[in-house]
Ligand SMILES: Nc1ncnc2c1ncn2[C@@H]1O[C@H](COP(=O)(O)OP(=O)(O)OP(=O)(O)O)[C@@H](O)[C@H]1O
Ligand SMILES: [Mg+2]
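Residue numbers (this note's numbering), protein chains in the order written: chain X, 1 to 233; chain C, 234 to 498.
Right under this line is the structure:
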């Protein structure tokens, strides 16, 4: 699209978009680091993730303030308006995802004090990687304004849901077999649930990309895979 | 969720008050309006937007035959008011303009008193029976135009002695005094401060309960606020016409988007 006549408008829009991308990078790293800290029982790394969340929160606040300023000063319309709204919603989704990463780090510190649950941290980390790739694809789709890619991310939400459901069943089995694992499995279950929630936020960002480009949200309900009645939140 | 929507934005009716078909306007050899077809809805506010010189005022003037007064101006095509051709020889332009009132881009009060400026229309069209009724129409019209408080003590003073913004509001009062069915407003707020602007917008909102209002404005925010339908003109063409919400959030034509979002088009 052509430049605005008021060039400061373009600079403002570019600035908030750069900030949201930076935020996305921080959140992806926090999730991967937290999952790695869990698997490797790395306290230092887990602490880093915990402390790092403040930077993500600060970026979100900055983005929301800047977007409010753009709305007040420039009264954006059409694509400009949708861009600002999308950036605000993306920032909110990323902030929540950052909180989940921080929570994962906290719980991993607790889990490090308990005996390991066979295979679980590895499975959690695989799930985290899947979710992070979904998140980064959603952010790429945003940068490229690529509706097809966004739709693809949206379809992949099932993958994470399936991973979550499988883990849920696995933890249930462990707990039934050996009640001493209940405490650890409860923490692991919350972790898995939170990662699954990040997947929902990635899907939400993908839907925002579709809104940004098409001017409306996709009409169909996204496919939901949830074979277990217990797993509804 | 649906009942939570901002209902005041919805259009009450889909009935066309004015129907324009294949309208062309020429000033000598200049083709100023090219093939414009549009339905102006009843009980709704329609905004005309577009860059300076694109033909908004020209098209607006077609709707009450004001272009007849410009010798080099030639209008072709069909313009129907309630289904009747306004350019039919049997239509009296003066009667037409009482039904289709107009507020001009440049305030043009008559060289008469403030009172007489507003009283003129109701008098010549015989809308009042006595002085008391006329006083009432003058007062309510000036109140609607948000001018009453400033002029109530000097109604006999000449209209031309008012400030630019006051003159603009006097012209609005003059236009609403005849209770027109359609009110055409060409940048009615261009010389008004924010308070008077808000009052005129409030008036427009009141008027659309019973009338059809067309407003030309260079303020995108004003168009978005006051209208339910928006028409975007560019180089004499009607580029896009649709629901105001759609035009300002998700326009179809790239030229509309460029214009409303302040880009070089
Ligand atoms: N009386 C006239 N005689 C000759 N040409 C005219 C006359 N009035 C308008 N035009 C021409 O017709 C075109 C459309 O003018 P018009 O006044 O309708 O534009 P507009 O959209 O109302 O612009 P603005 O926003 O500046 O008021 C312009 O090119 C203008 O020069
Ligand atoms: Mg004009």
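Beta carbons: idealized from backbone N, C-alpha and C, even for Gly.
| Check | Outcome |
| --- | --- |
| What does residue 490 of chain C reach in chain A if we use C-beta pairs closer than 7 Å? | As a matter of chain content, chain A is missing from the structure shown, whose protein chains are X and C. |
| I need the DSSP call for residue 340 of chain C, collapsed to helix, strand or coil. | coil |
| Give a yes or no on whether the minimum CB-CB distance between residue 286 of chain C and chain X is below 8 Å. | no |
| Between X/173, X/131, X/172, which lies nearest to residue 153 of chain X when the distance is taken from Cα to Cα? | X/131 |
| For the putative contact between residue 371 of chain C and residue 352 of chain C, defined by C-beta atoms under 8 Å, what is the C-beta separation to the nearest angstrom? | 5 Å |
| Under the three-state reduction of DSSP, which class applies to residue 441 of chain C: helix, strand or coil? | coil |
| For residue 294 of chain C, go through chain X and note every residue whose CB falls closer than 9 Å to its CB, in chain order. | Ordered by position in chain X, no residue passes the 9 Å Cβ test against residue 294 of chain C, which lies about 28 Å from the chain. |
| Using only the heavy atoms of ligand 1, determine whether one of them is closer than 7 Å to the beta carbon of residue 265 of chain C. | yes |
| Is residue 315 of chain C near ligand 2, going by C-beta to nearest heavy atom under 7 Å? | no |
| If we define contact as Cβ-Cβ less than 8 Å, is residue 2 of chain X a contact residue for chain C? | yes |
| Could you say which of X/94, X/202, X/197 lies nearest to residue 61 of chain X if we only look at CA atoms? | X/94 |
| Could you tell me the alpha carbon to alpha carbon distance between residue 59 of chain X and residue 98 of chain X, rounded to whole angstroms? | 11 Å |
| For residue 23 of chain X, which three-state DSSP category applies? | helix |
| Using the beta carbon as the reference atom, which residues fall closer than 7 Å to any heavy atom of ligand 2, ordered along the chain? | C/289, C/290, C/338, C/419, C/420, C/449 |
| Is the closest heavy atom of ligand 1 to the C-beta of residue 310 of chain C under 7 Å? | no |
| By the three-class DSSP mapping on this structure, what secondary structure does residue 380 of chain C have? | coil |
| Note down, one range per segment and in chain order, each alpha helix (DSSP H) of at least 4 residues found wholly within the region 26-109 of chain X. | 43-74 |
| Going by C-alpha distance, which of X/38, X/18, X/1, X/25 is nearest residue 187 of chain X? | X/38 |
| Please compile the residues from chain X whose C-beta is within a distance smaller than 8 Å of the C-beta of residue 496 of chain C. | 1, 2, 3, 4, 5 |
| Which residues in chain C have a C-beta closer than 8 Å to the C-beta of residue 75 of chain X? List them in chain order. | 453, 454 |
| From the beta carbon of residue 448 of chain C, is the nearest beta carbon of chain X less than 8 Å away? | no |
| Going by C-alpha distance, which of C/355, C/254, C/341, C/265 is nearest residue 470 of chain C? | C/265 |
| Using a C-beta to C-beta distance shorter than 7 Å, which residues of chain X count as neighbours of residue 493 of chain C? | 77, 78 |
| At a cut-off of 7 Å, is residue 259 of chain C close to ligand 3 when judged by its beta-carbon and the heavy atoms of the ligand? | As presented, the structure is devoid of ligand 3, carrying ligand 1 and ligand 2 as its sole ligands. |
| Is it right to say residue 124 of chain X is buried, meaning 16 or more other beta carbons lie within 10 angstroms of its own, or is it exposed? | buried |
| Does the region 424-443 of chain C come within contact of the region 254-265 of chain C, defined as at least 3 CB pairs closer than 8 Å? | no |
| Please determine, among C/291, C/321, C/468, the residue with the shortest C-alpha to C-alpha distance to residue 303 of chain C. | C/291 |
| With a Cβ-Cβ cutoff of 8 Å, do residue 79 of chain X and residue 208 of chain X count as a contact? | no |
| Quick check: is any heavy atom of ligand 1 less than 7 Å from the C-beta of residue 303 of chain C? | yes |
| Measuring only from the beta carbon, is residue 286 of chain C closer than 7 Å to any heavy atom that is part of ligand 1? | yes |
| Let me see if you follow: with CB-CB separation under 8 Å, is residue 215 of chain X close to chain C or not? | yes |
| Please check if any C-beta of chain X sits within less than 8 Å of the C-beta of residue 481 of chain C. | yes |
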